[in-house]
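Residue numbers (the numbering used here), protein chains in the order written: chain A, 389 to 516; chain B, 26 to 258.
We put the CB at the ideal spot given by N, CA and C, even for glycine.
Below is one structure, written out as structure tokens; the observations come after it.
Okay, structure coming up:
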């Protein structure tokens, strides 16, 4: 194959990036520190932590990054992390897809998609 | 740094809510210029990665932990306006689904992490990039420095809000000293994560890094050689 394809295609890059995020949220997060974070710690030390109120969302099935009904901590946290990540992906990704500039100017030769060999077959490129 | 309900009084929460709505409205306009067919999916993944990264609390010291805020990271990878929307989406999902950060405090959290964190990170990044040569190798260190600064800046703005509208009578200087010292340390973790992630992406797909565009353009102009288009293998 040609040496010009030493970069991964955007599609492959996106897949790896997503996998990395899901692994962090779904697997690695189990090993995260459970100590209070900076703000919570400061609130406790300086004496205003007890002004915190329970969130109205505390009854959510994924409250505190654990899934209601799953007893195993590892699975419970992992499911909550993956569900949360995918929620963000759908909401943010959908928003950005709607907001994006529609570049129909350089649909022709090379252009920005020069390194992406699959450009002609991409179904999302709307016709001019 | 997720502020729960109750830390700040209603007027302050309403004020930060108004600031957040205004900031998001501006970002919805500004992000249009940053997003296209290739960067829109990237930006969605950046938001997803920030959500995941915020789950990874790292131990700091003496029973404290910190986690990525992600403002500088998102700004460098996706552009500053898009980053505001990334962080706002993450904070909304966290507040509504995970009960992480309050509901009446959502405006406060968007202001602190979405607006202040992103703005501080982006301004430092731009300043470093302006001072150093416009090269790809500068992008990740500049992002790390931006991340380092963004955390204590956001912590300071929280303290300011607490001084104005905190519900507990605690001396501001005590809160400021504690917030700054801990978040200076947390900022180091933020810098390490941001630097590593940006360096990784710059290493494989620099064209997908918003903050690397100018460096990539100048490099492309210098050394790119014409490749025959019809090199069908």
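Pairing residue 106(B) with residue 100(B), the inter-Cα distance amounts to about 7 angstroms. Contact between residue 136(B) and residue 41(B) holds, with the beta-carbon distance rounding to 5 angstroms and staying under 8 angstroms. Rounded to whole angstroms, the gap between the alpha carbons of residue 69(B) and residue 484(A) is 7 angstroms.
Counting C-beta pairs closer than 8 angstroms gives fewer than three between the segment 468 to 487 of chain A and the segment 27 to 45 of chain B, which falls short of the contact rule. Per DSSP, residue 62(B) lies in no alpha helix (DSSP H) and is assigned neither H nor E. For residue 456(A), there is no enclosing alpha helix (DSSP H), as DSSP marks it with neither H nor E. The Cβ atoms of residue 114(B) and residue 427(A) lie no closer than 8 angstroms to each other. A buried status is given to residue 173(B), since no fewer than 16 other beta-carbon atoms sit within 10 Å of its beta-carbon.
For residue 90(B), the pairing in a beta bridge is given by DSSP as 425(A) and 84(B). Here the C-alpha atom of residue 228(B) lies approximately 35 angstroms from the C-alpha atom of residue 464(A). Leaving aside the five residues that flank residue 209(B) on each side, the residues in its chain whose CB is nearer than 7 angstroms to its CB run, in chain order, 177.
Taking C-beta separations shorter than 6 angstroms and ignoring five residues to either side along the sequence, the partners of residue 132(B) in its chain run 41, 42 and 45, following chain order.
Assigned with DSSP and collapsed to three states, residue 33(B) falls in strand.
Proximity to residue 420(A) across 488(A), 462(A), 487(A) and 474(A) peaks at 462(A), based on C-alpha coordinates. Only 199, 200, 203, 204, 207, 208 and 211 from the segment 196 to 222 of chain B bring a Cβ to less than 7 angstroms from some Cβ of chain A.
Within the segment 478 to 491 of chain A, contact with chain B at the beta-carbon level (separation under 7 angstroms) is assigned to 479, 480, 481, 483, 484, 485, 487, 488, 489 and 491.
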